[in-house]
Each structure stands twice: as C-alpha cells, then as structure tokens.
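Data block below; observations after.
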Amino acid sequence: MAMRALVGCKRVIDYAVKVRVKPDKTGVVIDGVKHSMNPFDEIAVEEAVRMKEKKLVSEIVAVSCGPAQCQETLRTAMAMGADKAIHVEIPAKEFELVQPIHIAKILAKLATDVKADVVILGKQAIDDDCNQTAQMTAAFLDWPQAVFAAKIEKDGDSLAVTREIDGGTETIKVNVPAVISADLRLNEPRYATLPNIMKAKKKPMEKKTAKDLGVDLTPRIQVISVEDPPVREAGQKVDDVDQLITKLKGLGRI
Amino acid sequence: MATRNAQRKLLSICLRSKAQTKYQYNSSRNFSVTRSSLQSYSSPLPDSYYNEEQLQMQATIAKIIENDINPFVDEWETKEEFPAHQVFKKLGNAGLLGIDKSEEYGGLGLDFKYLAAVMEELGTIRCAGVPMAILVQMAMTCQALHRFGSDELKKEFLVPSISGDFVACVGVSEAGAGSDVANTQTRAVRKGDDLIINGQKMWITNSLQADWMCLLANTSDGNPYKNKSLICVPMNSKGITKQKIHKIGNNSSDTGIIFFEDVRVPAKNIIGEEGSGFFYQMLQFQEERMAGAVGVLKGIDAALSETIDYTRQRKAFGKSILDNQYVYFRLCELASENESLRALTYKAIDMFVDGQEVTRLASMAKLKAGRLAREVGDTCLQFWGGMGYTREAAISRFFRDARLLSIGGGADEIMLEIIAKLMNISPPPPPKKK
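Which chain is which? The protein sequence lines are A and B, in order. Using this note's numbering, you'd call the opening residue of the first sequence number 1 and step up by one each time. Using this note's numbering, you'd call the opening residue of the second sequence number 1001 and step up by one each time.
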C-alpha cells in the first residue's frame, strides 16, 4: 500500500491573534496581522507525514488556495515533510467570498488530476469554522469519507479510522480512495526543523488558478455586515444559593 | 469566528500545551501574558527585514520556546538552574545550534543573519538566563574551533555541541581579567605531548553543566597578545573543581568559578596555532556585540507590552495609570528608542554579512542595548509601582536580568573606549616612563 496523499493547508489568522472587525464592518482586519497554517491542517500534514514514515503513503502533495502569501504556508508544509505543493492563486479580494463549496470543487479536481488515493484535510478552519470542505469534497469525488479522525491505521487494503463522535469514538473501515478530516487529537504536529526549512526551498511548487481547474468562483453569498460578538456584561457576586435564587427570580429568569 | 476564543483556549491546552503563562495574584488582579502576536506592542520591522526562511526559523524556535521553555522558566529561576542538556538536545534536534557552522559537522552553513533571526526570537524567553546560555552555545563557544580547529578536534567537540549532546562553555574571563583579556593569568605548560593547566576562570556561563570548555590560557611568556592559546578542555578532567556564583539576575543560567589544578590535556587540543588565542578570541567580538544587541530587542518589546497591559487595567485616583500623559508619553519614547536600536542593529548585521567593517556600529548597538534595557527596566518597574517590586511580576525579573547587558560581553565603558578611538577623540596614551 503506497498511496498518494493530497493535503489541504489553509492560511488563516494566527490562533493567538485577537481578531478585530474593520471599522466599515465589511470584514476583519487582515493587513499586518500574523497569519499561519490552520492548526487542524497542520495536524493533517503531520498525519500524512507519519503515514509516509510508515510507508503507507509514497508522496504528499500540499495544496493551498488563496493570495500569494499562501506560498509561505505551503513552504511550512513542505518543511514539515510534504514533497511538493500546489498553490491555487485566488486574489485576496475575491478570496473573501470564497466558500467551502468552491474549495471542495478545486480539491476534488486536483485529487483527480494528481491521482490522489487519499485526501486529508483539517476538520475545519479556525477563521470561518465551516467544517464543510472535507464532506463536500468527498461528495464531489463520490468517495467514502471519514471525518473527525482521531486515529488512522492500515486495515488490509483499506483504512481503519477512529472518529470522534458525540459521547465517544467509533471506528470505521473505509476503502481508498477516501477523504479524511483531522480532529484535534489525531496527533501533535512536529516543528519544522531548520535543515528542513532550507530543503523546502528546493521542493517544487506549482501555481494554478481556479480557472485552470474549471472551477467557477462566483460568490454565492453577500456579506451584509460583520459585527463583534457582544461584550460580556459584568456579573454580580452573591453570598449564597438563597440569594442567587431570589436574584434570578427578581430578574424573571426562573 | 464565534468559537474562536473557545478554540484558542482548547488549542493552547491540547495542541500546544501551556502556550499561555498565567500570572495570577488574587481574584481582583488576573491577567495573562502570551506570545508576541497577542502583545500590546510589537515591532513592524522584523517581518520586512528577515526573509521567508528566516521567519520560518523564528516560527520554529517560537514553538519550542512556547512548549518546552517558557512554561518552566519560573521553576528554573527559583532553582537557579535549568536542564541544559535536555533543552540543548531539543534545540540541536531542530537544527538550531549549528546555523552558521559547516554542513560537514552537522551545521547548516548559513550566514550570520540567519543566526541573528534566531537570536532575536530567543528574546521572547521569559528570562535572560536561558537565552544567554543558548547564545553562548550557538554563537560564542565554537567560533574559533569551527574556523581554525583540526578535523579531529572538531569531530570530538564541535559535532556533539551542534547536535546538542554536549554543553559547551567559554573560559576567557578571570577575576583579574574580564574586559582586560590580555591580563589572563591561567597557564598551560607543555610537558611531553600534554599541557598542564593551572589557574582559575570566573563568570563562566554554562560551566557547571558543561562537558567541555574552550579555554584561553597562556602557553608561553612574553607579549601578552601573542602568548595565549585556545584549548579544548573536557570538563570531567582530573583537577577541575567548580563553584557556583549566585547573582542578582540571570538566575537560571549557571555561572561558575572553575579552578584548574594540574589539569592534563593533550597538546593537540590547542585550537589552530599556538599563541593565536587572543587574536582568535578577538575575531568574534563583533558577533558577540551584535548578539547582545539583537537578543534584547524582543525582551524590551515584551517589557513595554506588559507595562501597557498592566497600567491600563490598574486604576488610581479614578483613572488608569496609563491615562496619565507622563506614562504614555514615556512608553512611546522608549518604544521609539527600541526601534532605533533595532534599525541600527539590523544595519550592522547587514554590513557584517556583506563583509564590511562594523566595529563602530556593533559597539554602538551593544552600548545602546545595555543602556536602553536598563532605562526600560527601571522606568517600567516604576510604572508598575509596588507590584513591580515583587518577584511575581515579570518586570522585576527583566529589571534584574537586563542589568547584565551593560557589564557582560564587553562593558559599556569598553564600548565607549572603542567608539572614542574610532571617532578619533581618545586622549593620547600616557608618556612612557623613562
């Protein structure tokens, strides 16, 4: 079993950054803000690299859709161990209205083009929290899906994937080709070591556009307004349960 | 975005455990200090100065600091020791200890700017002792060995220092020879194929845990600039005794006095040519000065950030401390000074990498770094008030640690003498006695 893996790497605002809404409420401030690879995608890359180390995977292709800076994210993926990268360039302005369905179409087309046997994606991106891309990609490809993976093992010619579900885990058997999405506890991503950062520079990176892939990016949504979440109001301290109940009754909550 | 905060918490707990260091005093004072991107003040300069690989290297070292160093700093500071072998092995595995060393010996063969990128990021470690120990290992101990040492010596000492298996230290300073290196008294006398070493070295960073020392000793009499050699000395050699020095800052770094009593090492452990030790040591002065300057930049950024955060939430006389014009003006002044220092340091690094003479700029950057770090530590601590005087506050550690920068790696006064010479304003040397 030596599969080719296609791994998605979305460039998002770094998880430790305090996101600010633009004054004109059309979106959030992204200029001059630290970006990094979506943490769930980092887990997906790590898993592909581990599968390669176990000889389950023979080649890892990392893909990122978005503006030119996505190439930095792809370099990081290659420094972690991906063999090559495809950058599907979408200008920043256009990218604002790109949705999972567009990305899923791009990924499905690329999976067919590069003859991938397994597509591994993060279960969701931490910017829009959609959690749709893996599922939609599987649908477009008509491949089985194993989403929220917490463990991936070889099972004959198939894969046994342990999934995180409400109240526990379940293990399913999926035939390849398949689409897998990585959950938080699948693994702990490695550091890109300095020698590998330098080597990644020499790995091939292909540039494509959505048009090359025959994917129409016409927006299906219109952003009316982006607002800050409401600020939490100050609380009150009560001395005991009786007082708490009295207060809640007074407020009409119980 | 709705779940972003919850996720940030979950991610920091699960994915990068202990990413946030929480400083809690009591229920009414509770604030958290996290990575640079969450800071109230960060510089716009590094992103445009460093190239993509250098920024990626910074990201790697940032992760190591976040996971394997910062969560333990308080504990190490209290114990006045950090596990050097453990930490260096992690850094060695990531390829951080041989950035400027040749690939033949496990390094990366990159120029000083790559090293500087990593050294600047080391400034995000929440104390100065640990980064100092790392700087000594990666940029100060092995320079001469790498340039002039024999292949055999490099295999024995350089290779394991780059991989992080060996902790290294530099034995130059003595009780009577700190800035005045020429006055070194430690002697290494040839006896057959061996050298017999007697003397003592003081202020030696990493020395208590070190596996070997790059020792400067007199191998003959006569001209004090031409009688010294650099020698690789295994620290488990018979006749070596160690004593810890307790300091007011940089507590987690082990600083020692090392006594040599008839310590015998093979004469082939001399690095390069016998008698060239002083010269070899001088060659790395510019790198050391730039390391000192670049290493403090992010520490100053963090001190300013934390002071902004603290003074913003601390109220007195009905308003935030930060809302006093004196306070916010001073913080702006200090931030401006730090960006000037950063620009000067960056320029010196570029010129150095370009092969130009940088003694003046490197000395000015080192001088300014020491002076500014003291000013920032003192000013910010004052704005913190009583809280700044407690051990729990990060600013008090910065205040104590930063004081060293004006003393170590060439004291402010030495920098001033050098700058004066290069400006042609030094007084004439005293007339020789007849």
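The C-beta atom is built at its ideal place from N, Cα and C for all residues, glycine as well. Here the structure is a predicted model, which means the values were calculated and not measured.
Taken atom to atom, the span from the alpha-carbon of Gln1137 of chain B to that of Ile60 of chain A is near 36 Å. Within the same chain, and ignoring the five residues on either side of Asp1193 of chain B in sequence, the residues whose Cβ sits closer than 7 Å to its Cβ are Pro1266, Ala1267. Beta bridge pairing from DSSP links Arg1187 of chain B with B:Asn1198, B:Asn1218. DSSP, read as helix, strand or coil, puts Met1423 of chain B in coil.
Leu251 of chain A: not part of any beta strand (DSSP E); DSSP gives it neither H nor E. Think of a sphere of 7 Å around the beta carbon of Glu1053 of chain B: the chain A residues whose beta carbon falls inside it are Ile197, Met198, Lys201, in chain order.
Using a CB distance cut-off of 8 Å, Glu72 of chain A counts as an interface residue toward chain B. Cβ atoms of Gly1275 of chain B and Ser1229 of chain B come within 8 Å of each other, at about 6 Å. Only buried fits Tyr15 of chain A, as 16 or more other CB atoms lie within 10 angstroms of its CB. Straight through space, the alpha carbons of Ala1217 of chain B and Asp41 of chain A are spaced by roughly 54 Å.
Under a criterion of Cβ atoms nearer than 7 Å, the residues of chain B adjacent to Arg75 of chain A are, in order, Glu1052, Gln1056. In this structure, the beta-carbon distance from Ile1125 of chain B to Val1073 of chain B falls below 8 Å.
Close to Leu141 of chain A, with beta-carbon spacing below 9 Å, lies no residue of chain B; the smallest spacing is near 28 Å. Leaving aside the five residues that flank Ile1321 of chain B on each side, the residues in its chain whose CB is nearer than 7 Å to its CB run, in chain order, Thr1311, Arg1314, Val1327, Phe1383. In this structure, DSSP gives Gln145 of chain A an extended state, which the three-state scheme calls strand.
The DSSP-derived three-state label of Asp1111 of chain B is coil. Only residues of its own chain outside the window of five on either side were considered, and among them Pro177, Ala178, Val179 have a CB closer than 7 Å to the CB of Trp143 of chain A, listed in chain order. For Val1265 of chain B, the secondary structure class from DSSP, reduced to helix, strand or coil, is strand.
In this structure, Val88 of chain A keeps its C-beta atom at 8 Å or more from the C-beta atom of Met3 of chain A.
Per the coordinates, the alpha-carbon of Asn1250 of chain B lies some 9 Å from the alpha-carbon of Arg1403 of chain B. For Thr26 of chain A, no chain B residue has a C-beta closer than 8 Å to its own C-beta; the minimum C-beta separation is roughly 14 Å.
Taking Ile1245 of chain B as the centre and dropping the five residues before and after it, the same chain places the C-beta of Met1202, Trp1203, Thr1255, Gly1256, Ile1257 closer than 8 Å to its C-beta, in chain order. Distance from the Cα of Pro195 of chain A is smallest, within the candidate group B:Arg1400, B:Gly1388, B:Gln1054, B:Glu1339, for B:Gln1054.
For Lys1154 of chain B and Leu1145 of chain B, the gap between their C-alpha atoms comes out near 7 Å. In the three-state DSSP reduction, Cys1169 of chain B falls in the strand class (E or B). Between Gly1095 of chain B and chain A, the shortest Cβ-Cβ separation is below 8 Å. For the segment 58-131 of chain A, the full-length alpha helix (DSSP H) segments reaching 4 residues or more read 70-80, 92-95, 100-113 along the chain.
In terms of Cα proximity to Gly1277 of chain B, the closest of B:Thr1219, B:Lys1089, B:Pro1234 is B:Thr1219. Taking a C-beta cut-off of 8 Å against chain A, the contacting residues of the segment 1059-1093 of chain B are Ala1059, Thr1060, Lys1063, Ile1064, Asn1093, listed in chain order. In this chain, the beta strand (DSSP E) harbouring Met37 of chain A covers 35-37. Rounded to whole angstroms, the gap between the alpha carbons of Gly252 of chain A and Asp242 of chain A is 15 Å. Taking a Cβ-Cβ threshold of 7 Å, none of the residues of chain B is close to Ala85 of chain A; the smallest such distance is about 14 Å. For Thr26 of chain A, the secondary structure class from DSSP, reduced to helix, strand or coil, is coil.
Contact between Val28 of chain A and Val161 of chain A fails: their C-beta atoms lie close to 34 Å from each other, not under 8 Å. Per DSSP, Glu1103 of chain B lies in no beta strand (DSSP E) segment and is marked neither H nor E. According to the DSSP secondary-structure assignment, Pro1234 of chain B is paired through a beta bridge with B:Trp1212.
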